[in-house]
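Residue numbers (the working numbering): 1 to 331.
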């Protein structure tokens, strides 16, 4: 690793400096020189120190394995072609002090799917996101003043451009900064909020279906196997007591509670959520009505599948009792 004589500029990093996909940049560094990480193909993740304010031109050019990078809040300058051909970069948050996305900054970041632009951003230069072929959604802040007509060339999957303003005049102004072929992809923040609320309501329908919990079939199946639950409760003196109870069935409320706690691991929820994300977002109130019908039908299909699978669940006939431990819900 090469550092300037004053200890403030990172000049060069080589693959031999990278350990287990990352490298430690010394404190005190405020700038990263042009081509500092060029062709560091072993670099996968990087956290820049808090003092860094400037990322030079083509700093990460050819870092083909770089997936994640954390930029400190103090960064104000990202040079042209800074992330050129970082084709595995998936997401990045631009710090609040950056006012310009420079020419070719993310050229060829083919796996970049989401990017957070700062509220103070004013300019997006030419080819800034050229060939970001998986970029689907981008949010422009209110106040942006210039977007080059070639900023998003060959962004073939870009379907939603969100303008973070409820002011219709501001939304119209920013929309007209875009090239004509992208204007139909604009969504106002107000409509997006309505879409997000509707998505949450629909997914809640799934979580409010007891059969969406895979334990439901086990506790309701016909079987020689009789589940036993050990409930831990507190008596009037506050002393914990354990109580055994046969549970051929459990109240639906318990499954609903489990669904809320375990939705991140619930396959029905995950599949429905992924299917919703694949649906193109509506751009107008009229399109939103059609979208509601599609999403409602999609979630209903997942609910029906959960009910059907719970109905046909076969518990193992290998024992007379299965014991599980639960805490009684707090009163």
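C-beta: ideal position from N, C-alpha, C; glycine also. Since this is a predicted model, take the numbers as computed values, not measurements.
It is roughly 45 Å from the alpha-carbon of residue 198 to the alpha-carbon of residue 18. Runs of beta strand (DSSP E) with 3 or more residues, each lying fully within the stretch 115-162, are found at 137-141, listed in chain order.
The three-state reading of DSSP puts residue 66 in coil, since its state is none of H, G, I, E or B. Separation of residue 210 and residue 253 (C-alpha to C-alpha, rounded to the nearest whole angstrom) is 8 Å. Rounded to the nearest angstrom, the Cβ distance from residue 83 to residue 117 is 14 Å, too far for a contact under 8 Å.
Across the set 168, 296, 72, the C-alpha of 168 shows the shortest separation from the C-alpha of residue 190. Secondary structure at residue 240: strand, using DSSP grouped into helix, strand and coil. Contact check for residue 32 against residue 51 fails: the beta carbons are separated by 8 Å or more. Here residue 108 is buried, its C-beta having at least 16 other C-beta atoms within 10 Å.
When DSSP states are grouped into helix, strand and coil, residue 234 belongs to the strand group.
Rounded to whole angstroms, the Cβ separation of residue 91 and residue 68 is 7 Å, and the two are in contact under 8 Å. When the alpha-carbon of residue 26 is set against those of 35, 296, 280, 11, the nearest one is in 11.
Of all alpha-carbon atoms in 194, 45, 42, 157, the one lying nearest the alpha-carbon of residue 287 is that of 194.
Residue 179 is positioned such that its CB atom lies closer than 8 Å to that of residue 149. Taking 8 Å as the cut-off, the beta carbon of residue 62 is found no closer than this to the beta carbon of residue 80. When DSSP states are grouped into helix, strand and coil, residue 75 belongs to the coil group. Closest in alpha carbon position to residue 128, among 147, 134, 119, 111, is 147.
Residue 16 and residue 285 have their C-alpha atoms spaced approximately 55 Å apart.
For residue 59, there is no enclosing beta strand (DSSP E), as DSSP marks it with neither H nor E. Rounded to the nearest whole angstrom, the C-alpha separation of residue 304 and residue 280 is 23 Å. Residue 99 carries a coil assignment under DSSP once its states are collapsed to helix, strand and coil. For residue 207, the uninterrupted alpha helix (DSSP H) run begins and ends at 189-207, by DSSP.
For residue 164, same chain residues with a beta-carbon under 6 Å away, outside a window of 5 residues either side, are 139, 141, 142, 189 in chain order. Here the C-alpha atom of residue 153 lies approximately 31 Å from the C-alpha atom of residue 22.
Judged by DSSP secondary structure, residue 92 falls outside any alpha helix (DSSP H) and instead within the beta strand (DSSP E) spanning 91-93. Rounded to whole angstroms, residue 309 and residue 181 show a C-alpha spacing of 45 Å. Contact check for residue 99 and residue 122: beta-carbon distance about 5 Å, within the 8 Å limit, so the pair qualifies.
Our two residues, residue 196 and residue 86, have alpha carbons roughly 31 Å apart in a direct line. Assignment of beta-bridge partners to residue 19 by DSSP yields 22.
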